[in-house]
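J.:
Residue numbers (UniProt numbering): 1 to 405.
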């Protein structure tokens, strides 16, 4: 879809040349496309591919034991703190995941629903998922993501998500709260709905929504919103947030005071980059250990990294038995270890309208050029996927640094 001046593109590509590539793309359907050079002489464009290279500068690859050290460091950084690490006195109880929610196989369970012994739907705490499943024999292979210059195969494992056989919160004693912070994102109501339904499956009866983000913790005029399956049944059919959103809010100590006063012991925070940045600022002050965001169900006794890690730190300091669950909210799809963030598909789909309009405008003009700038907060997932989806893009520039050849 049109062209950009070579003088403008060249410095950008040169700067990208020295860094790691995650993905690169160009549009090979225009072999005759010519880019004007800075000296006025037209240059024929060529397809640009991206090559990955090692980005672990702190690793001594001459050390024969570097692979084991890397794996140990990876396991340390992505270790999941268990509730018993904070409260050793916690006693596990059998899961309250309701049997009536399970669909039996008629021929196997003709007499009724399966018992706990017959149903094998729980996840073992030691289950792991292999993070990368492709073995790249060379760093020049398309899409190769290598740790060392020789692209050595290194297994990287993360915890498997799912219901556990033992839990650490009695559902009848749980008061769960949901809060949506920051800006709007497609799918917010879907997430709220599913959290409520899942909590009810476990037998939790007291579920509330905190109105208008963190503001709802301090503003006395904003009352809690009781939530149930009946309340959220059709909420996913509408946009926005059932609970409302806001930016900013009270201090961390005020929020923890509010949690304690309300008797909330399970908090689900739907937040984005801004809230994470605030959490990181608190963490950098040395208030506590960072909890990594791994997709483990909190009701089974694991803490997630919340969008407000500082809440966990303060709750720990006060010895409050509160599980804070962080749900990453971003349309940019730039969260580590996640295949896709909610709202991303909608962003890519909506981008098609702008791309189509620009294409028609440029195609209708003599030597027309159409330029579309998409959001992404320093990540090119929306731009890249929108370009591939439209099939009308000649050049896609993404902020990820590339090594070009």
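Glycine included, C-beta positions come from ideal geometry on N, C-alpha and C.
Is the segment 138–155 touching the segment 209–218, taking contact as three or more C-beta pairs under 8 Å?
T.: Short answer: they don't touch.
J.: Roughly how many whole angstroms lie between the Cα atoms of residue 449 and residue 204?
T.: Residue coverage of the chain in this structure runs from 1 to 405, which leaves residue 449 outside it and unanswerable.
J.: In three-state DSSP terms, what is residue 128?
T.: Here residue 128 sits in strand by DSSP.
J.: Using the three-state DSSP reduction, which class does residue 167 fall into: helix, strand or coil?
T.: In this structure, residue 167 counts as strand in the three-state DSSP scheme.
J.: Here's the rule I'm using: 16 or more other beta-carbon atoms within 10 Å means buried, otherwise exposed. How should residue 385 be labelled?
T.: Buried is the call here.
J.: Among the candidates 366, 327, 362 and 401, whose CA atom is the shortest distance from the CA of residue 379?
T.: With distances taken between Cα atoms, residue 379 lies closest to 401.
J.: With distances taken from CA atoms, which of 366, 323, 255 and 269 is nearest residue 191?
T.: Ranking 366, 323, 255 and 269 by Cα distance to residue 191 puts 269 first.
J.: Work out the CA separation of residue 374 and residue 363 for me, nearest whole Å.
T.: Their backbone Cα atoms lie some 20 Å apart in a straight line.
J.: Any idea what DSSP makes of residue 174, helix, strand or coil?
T.: Note: residue 174 maps to coil in three-state DSSP.
J.: Identify whether residue 207 lies in helix, strand or coil by the three-state DSSP scheme.
T.: In this structure, residue 207 counts as strand in the three-state DSSP scheme.
J.: Under 6 Å Cβ to Cβ from residue 408, same chain only, skipping five residues before and after it: list those, please.
T.: Beyond the ends of the chain as shown, which are 1 and 405, falls residue 408; an answer cannot be given.
J.: Measure the CB-CB distance between residue 206 and residue 235 and report whether it falls below 8 Å.
T.: No; because the gap between Cβ atoms is not below 8 Å, this pair is not in contact.
J.: Ends of the alpha helix (DSSP H) at residue 386?
T.: Per DSSP, residue 386 belongs to the alpha helix (DSSP H) from 381–390.
J.: Straight-line CA distance for residue 97 to residue 172?
T.: Answer to the nearest angstrom: the Cα atoms are 13 Å apart.
J.: Mind reading off the beta-carbon distance from residue 157 to residue 193? Whole number of angstroms is fine, and I expect it under 8 Å.
T.: Wrong, their Cβ atoms sit about 32 Å apart, outside the cutoff.
J.: Output yes or no for whether 8 Å exceeds the beta carbon distance between residue 238 and residue 180.
T.: No, the pair does not count as a contact, with Cβ atoms beyond the cut-off.
J.: Quick check on residue 260: does DSSP put it in helix, strand or coil?
T.: Reduced to three states, the DSSP call for residue 260 is helix.
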